[in-house]
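Heads up, the thing below is written out as structure tokens.
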Amino acid sequence: GAVVSQHPSWVICKSGTSVKIECRSLDFQATTMFWYRQFPKQSLMLMATSNEGSKATYEQGVEKDKFLINHASLTLSTLTVTSAHPEDSSFYICSASDPLNTIYFGEGSWLTVV
Amino acid sequence: LAKTTQPISMDSYEGQEVNITCSHNNIATNDYITWYQQFPSQGPRFIIQGYKTKVTNEVASLFIPADRKSSTLSLPRVSLSDTAVYYCLVGGFMDTGRRALTFGSGTRLQVQP
Chain X
1 GAVVSQHPSW VICKSGTSVK IECRSLDFQA TTMFWYRQFP KQSLMLMATS
51 NEGSKATYEQ GVEKDKFLIN HASLTLSTLT VTSAHPEDSS FYICSASDPL
101 NTIYFGEGSW LTVV
Chain G
1 LAKTTQPISM DSYEGQEVNI TCSHNNIATN DYITWYQQFP SQGPRFIIQG
51 YKTKVTNEVA SLFIPADRKS STLSLPRVSL SDTAVYYCLV GGFMDTGRRA
101 LTFGSGTRLQ VQP
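Protein chains in written order, with my numbering: chain X, 1 to 114; chain G, 1 to 113.
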């Protein structure tokens with residue numbers, strides 16, 4: 001199946017700093033990508049829909065100024081957690097739809113804010 | 001968005017067939033039904049997707065009745081490595097392609113030796 005890759009797999013950052021997570025579709029172009037977060041033993045929660053060349057659409061309750069999403073090309077979307085705090089520590093997962101309309105997910109990125 | 005309901009957990013033994021049923025009573029006409037498998041600390045892995053009737057691939061079968069208000073994922077001869085959380089999702093389209101999938105709680109499958 002299609003491959004969606006995230007980088008980094010895990011990252012530790014200091015409270016107050018910003019951290020960027022990349023999501024790439026390796027073998028197809030994705031007009032739209034999706035960002036989720038998942039806390040331990042919970043299900044995935046949709047954060048935002050990333051649209052290539054336009055602004056992201058955020059779900060209710062997700063701060064757009066804190067979670068900056070950029071989708072500058074058809075194969076890359078980035079999520080930047082700005083001024084990170086310990087409560088932002090979570091598992092962040094992206095996904096994208098391939099040309100056959102199947103949604104694939106990345107491997108996920110663990111963020112720990114200390 | 002169509003809501004899905006599936007059992008919270010299931011237990012099975014190695015070599016058995018496992019069937020996980022999901023209900024989605026308010027599925028829309030253009031919604032697909034997709035099942036994913038998730039291991040701890042990994043992103044969900046695509047298993048199978050269908051629209052109606054039966055779909056089969058190398059790892060599973062998906063049965064969808066005519067009214068499409070439910071679906072059943074069938075895993076033949078499970079092994080210990082199939083212990084995971086299984087998610088049933090339904091989702092359709094928007095102008096730019098597939099609409100985002102909304103996750104329910106999933107079914108935690110535990111396979112015993």
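Backbone N, C-alpha and C define an ideal beta-carbon position, used for all residues, glycine too.
Within the region 84 to 101 of chain G, contact with chain X at the beta-carbon level (separation under 9 angstroms) is assigned to V85, Y87, L89, G91, F93, M94, T96, G97, R98, R99, A100 and L101. The alpha-carbon of S41/G is positioned some 7 angstroms away from that of G108/X.
Chain-ordered listing is empty here: chain X has no CB closer than 9 angstroms to the CB of S71/G, the nearest sitting near 16 angstroms. Here D11/G carries a strand assignment [DSSP, helix/strand/coil]. Distance check between Y51/G and each of N25/G, F93/G, R68/G and E14/G places R68/G closest, using alpha-carbon atoms only. Spanning the alpha carbons of F28/X and L89/G requires a straight line of approximately 22 angstroms. DSSP places H71/X in the uninterrupted beta strand (DSSP E) bounded by F67 to S73. Using a CB distance cut-off of 9 angstroms, Y32/G counts as an interface residue toward chain X.
Around the beta carbon of M94/G, fewer than 16 other beta carbons sit within 10 angstroms, so the residue counts as exposed. Separation of Q60/X and D11/G (C-alpha to C-alpha, rounded to the nearest whole angstrom) is 36 angstroms.
Using a CB distance below 7 angstroms, the part of the region 39 to 59 of chain X facing chain G consists of S43, L44, L46, T49 and N51, ordered along the chain.
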